[in-house]
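Sequence order for the protein chains is A and B.
For the record, in the first sequence the residue sitting at position 79 is 86 according to this note's numbering, with numbers rising by one throughout.
For the record, in the second sequence the residue sitting at position 48 is 882 according to this note's numbering, with numbers rising by one throughout.
Built from N, CA and C at the ideal position, the CB exists for glycine as well.
The structure under discussion appears below in the form of structure tokens.
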Amino acid sequence: QQQVKQSPQSLIVQKGGISIINCAYENTAFDYFPWYQQFPGKGPALLIAIRPDVSEKKEGRFTISFNKSAKQFSLHIMDSQPGDSATYFCAASISAGGTSYGKLTFGQGTILTVHP
Amino acid sequence: NAGVMQNPRHLVRRRGQEARLRCSPMKGHSHVYWYRQLPEEGLKFMVYLQKENIIDESGMPKERFSAEFPKEGPSILRIQQVVRGDSAAYFCASSSGLYTDTQYFGPGTRLTVL
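Right under this line is the structure:
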């Protein structure tokens, strides 16, 4: 019930294309959904996050789409660039103020490669 | 303006030795989470601490692993009698408060057990 499933495992996109990564969760108590970007040898960096009271959130070239009834959310990277090549993780948590203390449950990760 | 700091960045231990991993949270943050990343897997929660208190250690292995966050100094994740299966990247993250969801991650410590 605590799992977050992420797909695809790897993704190759041409420069300028749209990268789409999908995640599905089971625990309906989750109410915070961040995406993290990780470069080799580095720690995960927060990219964008959404709460279930909105269906979409956009920050620059990055958009999260959220479907509460389907228990799915996705990351769209518009105009993908070679510098976007990294591993992307979705995650979910129950708000930090409760007894789950905001601990994150991560998906398995997607390795994105953007060809020039 | 330092972010979350972890040291050492790389640690090599032989089976049976002890590993100590340190994490200094961002300035002003008093909440620390530890996560473990096995090769080609996502991060898995291990433990959540506030200053001088372990709040949630539900993800910690029952034996050999311990964590602390003293009043002064960094948080420490301690692994006794390491085994090859402990080889992984260990990340800590910090947040500013009980009701703050955003976690900022450090660069990680990559532990290799020979």
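Within 8 angstroms, strictly: CB atoms of residue i and residue j
i: Y924(B); j: R870(B); result: yes
i: F879(B); j: K12(A); result: no
i: Q79(A); j: N34(A); result: no
i: R58(A); j: Y39(A); result: yes
i: C857(B); j: S909(B); result: yes
i: R944(B); j: H844(B); result: yes
Residue burial classification, residue i (beta-carbon count within 10 angstroms, cutoff 16)
i: V916(B); result: buried
i: V61(A); result: exposed
i: A93(A); result: buried
i: P859(B); result: buried
i: H865(B); result: buried
i: P904(B); result: exposed
i: V881(B); result: buried
i: P873(B); result: exposed
i: F899(B); result: buried
i: F46(A); result: exposed
i: L948(B); result: exposed
i: G23(A); result: exposed
i: S87(A); result: buried
Nearest-angstrom Cβ-Cβ length linking residue i and residue j, presumed shorter than 8 angstroms
i: Y32(A); j: A99(A); result: 5 angstroms
i: F82(A); j: I71(A); result: A quick correction: the sequence has Leu, not Phe, at residue 82(A). 6 angstroms between Cβ atoms; contact.
i: L949(B); j: A901(B); result: Past the edges of chain B, shown from 835 to 948, lies residue 949(B), and the structure says nothing about it.
i: Q840(B); j: G931(B); result: Rounded, the Cβ-Cβ distance is 21 angstroms, inconsistent with contact.
i: Q21(A); j: H122(A); result: 5 angstroms
i: D935(B); j: Y108(A); result: That belief does not hold up - the Cβ atoms of D935(B) and Y108(A) are roughly 10 angstroms apart, past 8 angstroms.
Bridge-paired residues (DSSP) for residue i
i: P41(A); result: A56(A)
i: N74(A); result: Q79(A)
i: I84(A); result: S26(A) and F69(A)
i: V20(A); result: V121(A)
i: R944(B); result: H844(B) and A923(B)
i: K12(A); result: A31(A)
Exercise for the section: Note down, one range per segment and in chain order, each beta strand (DSSP E) of at least 3 residues found wholly within the segment 846-921 of chain B. Expected result: 853-858, 865-871, 877-884, 887-890, 899-902 and 909-913
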